[in-house]
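Protein chains: 2
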Amino acid sequence: MLQFTTQTSTDSVLERDFTVGDVPGVLWSPTEHDEPAPLVFMGHGGGTHKRWPAMTGRAALLVAAGFHVAVVDAPGHGDRPRTDHDEREIAELFRARAAGEPEGPIVVRYNAHLAERAVPEWRATLDALQEVCTGPVGFYGLNMATAIGVLFVADDPRITAAVFGLHWPDALADQARKITIPIEYAMQWDDEHIPREAGLALFDAFASTEKTLHANTGRHKDLPRFEADSAVRFFVRHLMKN
Amino acid sequence: MLQFTTQTSTDSVLERDFTVGDVPGVLWSPTEHDEPAPLVFMGHGGGTHKRWPAMTGRAALLVAAGFHVAVVDAPGHGDRPRTDHDEREIAELFRARAAGEPEGPIVVRYNAHLAERAVPEWRATLDALQEVCTGPVGFYGLNMATAIGVLFVADDPRITAAVFGLHWPDALADQARKITIPIEYAMQWDDEHIPREAGLALFDAFASTEKTLHANTGRHKDLPRFEADSAVRFFVRHLMKN
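Top line first, the protein sequences correspond to chains E and R. Residues in the first sequence are numbered from 1 upward in steps of one, following the numbering used here. Residues in the second sequence are numbered from 1001 upward in steps of one, following the numbering used here.
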């Protein structure tokens, strides 16, 4: 059930914290819009949270374009407690990083674990949000949010357009093959963690007849800012067709 | 030398036919702009001409964004005569197409030949256009215009941003390795003529630190219209920085 906890508004943006069960989230909405405004459900990356600058920045662009935007803290992230399992995997990731070992195998395994915990929460959140967001729904999430999002989107027909990116195909390709909605997919051409062939393989796996790959030069964290503008235009094309 | 032959204008667009030597072209310009407006030099695809709908459509978007746009007929195209060599290669292409044989080897070879003839003409045209277009210069050309454009851009430091796409790397990769300006590159993920690996290889060859690949589902001629909007934004980012 959707419970709003705090509410802030400016001239153009209404920001509401909410909980669904013990999952905390934020819903940003345009203060003026033709009902029903479409919703973009976002996910944050690993090690960050629902109000990370990438989230608030993308939300601002989307709300200005007329969308509701919702994001929740993933399990073990933001305002949520870590399990012993979380602590062990995070310690292992930091150990590998310090030792100069590949991070991929740990991130892939841990993200797959987090996805199992997060998908039911995201589904319950989207159920609850339908009280206030009755228009079309899109999904936008990179990195860990792609690991969760591919599983989420593959089994939720309410979501009709999605932006994914920056992930390995290992645990996701089979689910991606079930996805047929329009997709925009971002990868970094010189990603030091995700081999180029792995990024191309995940893009290739989506069964969508309308899908676009955006590959930019640079390392994993160098995704250009203009890709957020592109994602907004993608959602406008697919969720605001009229 | 630049000679204007006809002139038409509407509320927002000034269209001037011109010749430079025996090469005919069109220059579209915004009727009102802060001088000096940047120029996008375009090239048309094989078998078409300077006023093909893809050219006039892209020009309309670019002029509305404040650019001059110039395009000339390639050798053997539009208002220009074909040589015996042109006739033989075109006959060979049609024969291969009718026989269901690969078109690639013929297109690659003929485009390389046309590029040799066209590059000096394009350079002379850009020289001549500097009379009226004194701002920054970009290049926009797919298919055959990429075959000509990669050679043109590689040796002309006046061009500081380029959109290429839809070509084989065979005759172009060595020149692409000399190009360091920002690039946007379009390819079709299911191109029936250009193997996926060939498209990726040409994108990879550019030495640019800022380059973006846009790969869309669909066959060779299915490039989505929204890629033209993307190209306009690319030129705005790079040629209208202020």
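Ideal Cβ placement from N, Cα and C applies to all residues, glycine included. Computed from a prediction, not measured in an experiment: that's the story for all the values here.
Q) Between lysine 211 of chain E and chain R, is there a C-beta pair that is closer than 7 Å? A) Interface residue, yes.
Q: Tell me the start and end of each unbroken beta strand (DSSP E) in the segment 1164-1220 of chain R that is at least 3 residues and wholly inside, in chain order.
A: Qualifying beta strand (DSSP E) stretches, in chain order: 1183-1188, 1211-1216.
Q. Assuming alanine 205 of chain E contacts alanine 176 of chain E under a Cβ cut-off of 8 Å, what Cβ separation, rounded to an integer in Å, is found between them?
A. Rounded, the Cβ-Cβ distance is 4 Å, consistent with contact.
Q: Measure from the C-beta of threonine 146 of chain E to each C-beta in chain R and report whether the shortest distance is under 7 Å.
A: It does not; no Cβ of chain R falls within 7 Å.
Q. Can alanine 1059 of chain R and valine 1072 of chain R be called in contact, C-beta distance under 7 Å?
A. The Cβ-Cβ distance between alanine 1059 of chain R and valine 1072 of chain R does not fall below 7 Å.
(Q) When you compare the CB positions of alanine 215 of chain E and leucine 1166 of chain R, do they come within less than 7 Å of one another, or not? (A) Not in contact: alanine 215 of chain E and leucine 1166 of chain R (Cβ atoms no closer than 7 Å).
Q: Measure from the C-beta of alanine 1215 of chain R to each C-beta in chain E and report whether the shortest distance is under 7 Å.
A: With 7 Å as the cut-off, alanine 1215 of chain R counts as an interface residue toward chain E.
Q) Based on Cα-Cα distance, which residue from R/Thr1180, R/Ala1118, R/Asp1222 lies nearest to threonine 217 of chain E? A) Threonine 217 of chain E has its Cα closest to that of R/Thr1180, out of R/Thr1180, R/Ala1118, R/Asp1222.
Q: Within the segment 90-138 of chain E, note down every full alpha helix (DSSP H) run reaching 4 residues or more, in order along the chain.
A: Those alpha helix (DSSP H) runs which fall completely within the segment 90-138 of chain E and span 4+ residues are 104-129.
Q. Are there three or more Cβ pairs, one per stretch, closer than 8 Å when the segment 1140-1159 of chain R is compared with the segment 1033-1052 of chain R?
A. Touching, per the Cβ criterion.
Q) Distance, Cα to Cα, arginine 1082 of chain R vs glycine 1076 of chain R? A) Our two residues, arginine 1082 of chain R and glycine 1076 of chain R, have alpha carbons roughly 4 Å apart in a direct line.
Q) Should methionine 1001 of chain R go down as buried or exposed, given a rule of 16 or more other Cβ atoms within 10 Å for buried? A) Methionine 1001 of chain R comes out exposed.
**Q.** Minimum C-alpha distance to asparagine 115 of chain E - residue among E/Thr209, E/Trp28, E/Met144
**A.** Looking at the sequence itself, residue 115 of chain E is alanine, so the reference to asparagine does not match. That would be E/Met144, whose Cα lies nearest to the Cα of alanine 115 of chain E.
Q.
Quick check on DSSP: helix, strand or coil for glutamate 32 of chain E?
A. Coil, per DSSP.
Q) What's the C-alpha gap between alanine 64 of chain E and threonine 10 of chain E? A) Those two C-alpha atoms are separated by around 12 Å.
(Q) In whole angstroms, give me the CA-to-CA distance for glutamine 3 of chain E and valine 132 of chain E. (A) Each residue's CA atom was taken as its position, placing glutamine 3 of chain E and valine 132 of chain E some 11 Å apart.
Q: With methionine 1144 of chain R as the anchor, note down where its alpha helix (DSSP H) starts and where it stops.
A: Its alpha helix (DSSP H) spans residues 1144-1154.
Q: Under 9 Å between beta-carbons, which chain E residues line up against arginine 1237 of chain R? List them in chain order, please.
A: Going along chain E in sequence order, the residues near arginine 1237 of chain R (Cβ under 9 Å) are Phe226.
Q.
My parser needs the beta strand (DSSP E) runs of 3 or more residues fully inside the segment 13-69 of chain E; what are they?
A. The qualifying runs are 13-20, 23-30, 39-42.
Q) Do valine 13 of chain E and glycine 50 of chain E come within 7 Å of each other at the CB atom, strictly closer than that value? A) Position check: residue 50 of chain E holds lysine in this sequence, whereas glycine was assumed. Result no, Cβ atoms of lysine 50 of chain E and valine 13 of chain E do not sit closer than 7 Å.
Q. Cβ of glycine 1138 of chain R within 7 Å of Cβ of phenylalanine 1018 of chain R?
A. Annotated as distal: glycine 1138 of chain R and phenylalanine 1018 of chain R, with beta-carbon spacing of 7 Å or more.
Q: Report the three-state DSSP secondary structure of alanine 1074 of chain R (helix, strand or coil).
A: The answer is coil: DSSP assigns alanine 1074 of chain R none of H, G, I, E or B.
**Q.** Nearest to alanine 1147 of chain R (by Cα), restricted to the options R/Leu1093, R/Ala1074, R/Ser1208
**A.** Nearest to alanine 1147 of chain R by alpha-carbon distance, out of R/Leu1093, R/Ala1074, R/Ser1208, is R/Ala1074.
Q: May I ask which residues mark the beginning and end of the alpha helix (DSSP H) holding leucine 2 of chain E?
A: Segment 2-9 is the beta strand (DSSP E) holding leucine 2 of chain E; no alpha helix (DSSP H) there.
(Q) Tell me which residue opens and which closes the alpha helix (DSSP H) that leucine 239 of chain E is part of. (A) Leucine 239 of chain E -> alpha helix (DSSP H) spans 226-239.
Q: Compute the Euclidean distance between the alpha carbons of glutamate 1087 of chain R and tyrosine 1110 of chain R, then round it to the nearest angstrom.
A: The straight-line gap from Cα to Cα measures roughly 11 Å.
Q. How big is the Cα-Cα spacing for alanine 1112 of chain R and alanine 1171 of chain R?
A. Rounded to the nearest angstrom, the two C-alpha atoms are 7 Å apart.
(Q) Between valine 20 of chain E and alanine 118 of chain E, how many whole angstroms is the CB-CB distance? I'm expecting something under 8 Å. (A) A Cβ-Cβ separation of about 12 Å leaves valine 20 of chain E out of contact with alanine 118 of chain E under the 8 Å criterion.
Q) Quick one, are the C-beta atoms of proline 1169 of chain R and alanine 1201 of chain R less than 7 Å apart? A) Contact flag set, yes.
Q: Excluding the 5 residues preceding and the 5 following glutamate 121 of chain E in the sequence, name in chain order all residues of the same chain whose CB lies nearer than 6 Å to its CB.
A: Closer than 6 Å at the Cβ level, and outside the excluded window around glutamate 121 of chain E, lie Val23.
(Q) Rounding to the nearest angstrom, what Cα-Cα distance links proline 101 of chain E and lysine 241 of chain E in this structure? (A) Inspection of the sequence shows that residue 101 of chain E is occupied by glutamate rather than by proline. Straight-line Cα distance between these residues: approximately 47 Å.
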